[in-house]
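In what follows, a structure is listed as structure tokens, so that the remarks can point back to it.
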Amino acid sequence: MRYLEPLVLVVISVMVVAACGDRAQEQPAKVIRPVRTMTVTTGSVDTGRTFSGVSKAGSVSRISFRLGGKLEGILVKEGDTIRKNALIASLDASDATLQYEKTLSSVNKSKVYMETATSNLSRLRSLYENNSVSLNEYEAAKEKLANAKATYLADKKTLDLKKKELGYYKVHAPMAGRISNVSVEEGENLTAGQVILEIHSMDSMEVLVGIPDAYISGIQKDDRVSLSFTAIGDRTFNGKITEVSFNIDTESSTYPVTIEILDPSDAIRPGMSAALHVAFKSEQSVSHPMVPVHSVGEDTGGRFLYVVKSKGEGLGIIERKAVKIGRMTNQGFEILEGVSIGDRVVTAGINHLSDGLEVKIQ
Numbered sequence: 001m002r003y004l005e006p007l008v009l010v011v012i013s014v015m016v017v018a019a020c021g022d023r024a025q026e027q028p029a030k031v032i033r034p035v036r037t038m039t040v041t042t043g044s045v046d047t048g049r050t051f052s053g054v055s056k057a058g059s060v061s062r063i064s065f066r067l068g069g070k071l072e073g074i075l076v077k078e079g080d081t082i083r084k085n086a087l088i089a090s091l092d093a094s095d096a097t098l099q100y101e102k103t104l105s106s107v108n109k110s111k112v113y114m115e116t117a118t119s120n121l122s123r124l125r126s127l128y129e130n131n132s133v134s135l136n137e138y139e140a141a142k143e144k145l146a147n148a149k150a151t152y153l154a155d156k157k158t159l160d161l162k163k164k165e166l167g168y169y170k171v172h173a174p175m176a177g178r179i180s181n182v183s184v185e186e187g188e189n190l191t192a193g194q195v196i197l198e199i200h201s202m203d204s205m206e207v208l209v210g211i212p213d214a215y216i217s218g219i220q221k222d223d224r225v226s227l228s229f230t231a232i233g234d235r236t237f238n239g240k241i242t243e244v245s246f247n248i249d250t251e252s253s254t255y256p257v258t259i260e261i262l263d264p265s266d267a268i269r270p271g272m273s274a275a276l277h278v279a280f281k282s283e284q285s286v287s288h289p290m291v292p293v294h295s296v297g298e299d300t301g302g303r304f305l306y307v308v309k310s311k312g313e314g315l316g317i318i319e320r321k322a323v324k325i326g327r328m329t330n331q332g333f334e335i336l337e338g339v340s341i342g343d344r345v346v347t348a349g350i351n352h353l354s355d356g357l358e359v360k361i362q
């Protein structure tokens, strides 16, 4: 038994050493989390403003008759295009035509009477010069001719008026355009000045926008702007500000501004929703550090991001930086304070990181 004691001690020692070796092998290897990063660069932040508006024809003519009467015919319908001076509609002019024809007959009669008086005076003048007629007869012939001329001129003036009145029974297009808001039907009795339809000029189109008082001082006549229309898609149009109202619209509490569309399209129609984009001169595009939206986190301590400080061999230590953000653009967040151009920031998975953590830079 005495000889077994050393052997037991040796066995126990071997087991202890083996156990320690196994324990050392079971310790996990240090894990270094890989992170995606990017270098902070500058980005252009568009500080323009967008305002809603509505399109309208640059020129609108409201058509009416100068006289009242029965609508005999209307030659256009809603949506038609019409050329300048084309006939639009006419009133029943039967009575006016009859009056014109009567006046024309009177003119013809007075003209014949004037011609007869002229011939008679010429004949009597020769006789008077030969002492064949008296002075009274000659003077009477002169007076008849004067009266005949006066009657003819009066009848001719009346005829011109009747002819002009006949023109009032027809209405023609004062400009080329598209017919809109037809409000009458054939056979309807109209009053003088009653609007029967509108013609919208398609050669020039405008957009009417209401600008809030906070921005109206930055809007100037002849400024160039861009326009877009929801119904037309992604296409943009060039515009020029033509009118800036001095008075506010009390209903909308905005200042009416009119923009001429410099490159109009047939696709633009009156009444379409429009968007006006203005780059104010006092707020031109400014370059700032830009980072992706997912780079910025927020907790009770405020907004932050992680900056990676390289320690070589593709490794780095992350440092939490408090930041002040500006606008969010299609490039990401504008960073006003907290990082500088050239800093390397983590771009994904920031919720799983902590200040001072060693990471593998990707």
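Just so it is clear: in the sequence shown, position 275 is 275 by the working numbering, and no numbers are missing. All C-beta atoms, glycine included, are put in the ideal place defined by N, C-alpha and C.
Asked, Found
"What does DSSP give as the partner residues of N351 in its beta bridges?", "DSSP output for N351 lists no bridge partner at all."
"Please state the DSSP three-state secondary structure of L9.", "Residue confidence for L9 is low, a pLDDT of 46 falling below 50, so the modelled location carries little weight and cannot support an answer."
"Give a yes or no on whether the minimum CB-CB distance between T116 and chain D is below 8 angstroms.", "Chain labels in this structure do not include chain D; a single protein chain is all it has."
"Name the DSSP bridge partner or partners of Y255?", "I211"
"Out of curiosity, what's the CA-to-CA distance linking M202 and K149?", "52 angstroms"
"To the nearest angstrom, report how far apart P270 and A57 are at their CA atoms.", "6 angstroms"
"Around the Cβ of F246, are there at least 16 other Cβ atoms within 10 angstroms (buried) or fewer (exposed)?", "exposed"
"Thinking K321 and V339 are a contact (beta carbons under 8 angstroms), I'd like their distance in whole angstroms, please.", "6 angstroms"
"For D289, count neighbouring C-beta atoms within 10 Å of its own C-beta (all shown protein chains included) and say buried if the count is 16 or more, exposed if not.", "Per the sequence shown, residue 289 should be read as Pro rather than Asp. So P289 ends up on the buried side."
"In the DSSP assignment, find the unbroken alpha helix (DSSP H) run with A141 in it and report its ends.", "135–167"
"How many angstroms separate the CA atom of Q284 from the CA atom of D299?", "Its pLDDT being 49, under 50, Q284 is placed unreliably in this model, and the value from its coordinates should be taken loosely. In a straight line, the C-alpha of Q284 is about 33 angstroms away from that of D299."
"Verify whether the separation of the beta carbon atoms of V291 and R344 is less than 8 angstroms.", "no"
"Apart from the five residues on each side of it in sequence, which residues of its chain come closer than 7 angstroms, Cβ to Cβ, to Y100?", "K162, K163, L166"
"Does the beta-carbon of E364 have 16 or more other beta-carbons within 10 angstroms, so that it is buried, or is it exposed?", "Given a span of 1 to 362 for the chain in the structure shown, any question on residue 364 remains unanswerable."
"Exposed or buried, what is H200 when buried is set at 16 or more other beta-carbons lying within 10 Å of its beta-carbon?", "buried"
"Any chance the stretch 218–227 sits against the stretch 100–112, with 3 or more Cβ pairs inside 8 angstroms?", "no"
"Spatial neighbours of A111 within its chain, please: C-beta separation below 6 angstroms, excluding the five flanking residues on both sides.", "Note that residue 111 is Lys in the sequence shown, not Ala. Excluding residues within five positions, the ones whose Cβ falls inside 6 angstroms are Y152."
"Terminal residues of the continuous alpha helix (DSSP H) containing V40?", "Taken as a continuous stretch (DSSP letters only), V40 belongs to no alpha helix (DSSP H), as it is neither H nor E."
"I'd like the list of long-range same chain contacts for A24, defined as Cβ closer than 6 angstroms, with 5 residues on each side in sequence excluded.", "Note that A24 scores a pLDDT of 48, beneath 50, so its modelled location is shaky and nothing firm can be said."
"Which residues mark the beginning and the end of the alpha helix (DSSP H) in which T50 is found?", "Counting along the chain, T50 falls outside any alpha helix (DSSP H), though it belongs to the beta strand (DSSP E) covering 49–57."
"Taking 8 angstroms as the threshold, find out whether the stretch 271–280 comes into contact with the stretch 211–220 through three or more Cβ pairs.", "yes"
"May I ask which residues mark the beginning and end of the beta strand (DSSP E) holding K170?", "170–172"
"Quick check: the Cα distance between V184 and D266, rounded to an integer number of angstroms?", "27 angstroms"
"Applying the 10 Å Cβ sphere with the 16-neighbour rule, what's the burial state of S132?", "exposed"
"Given this structure, state the Cα-to-Cα distance separating I259 from I248, to the nearest angstrom.", "17 angstroms"
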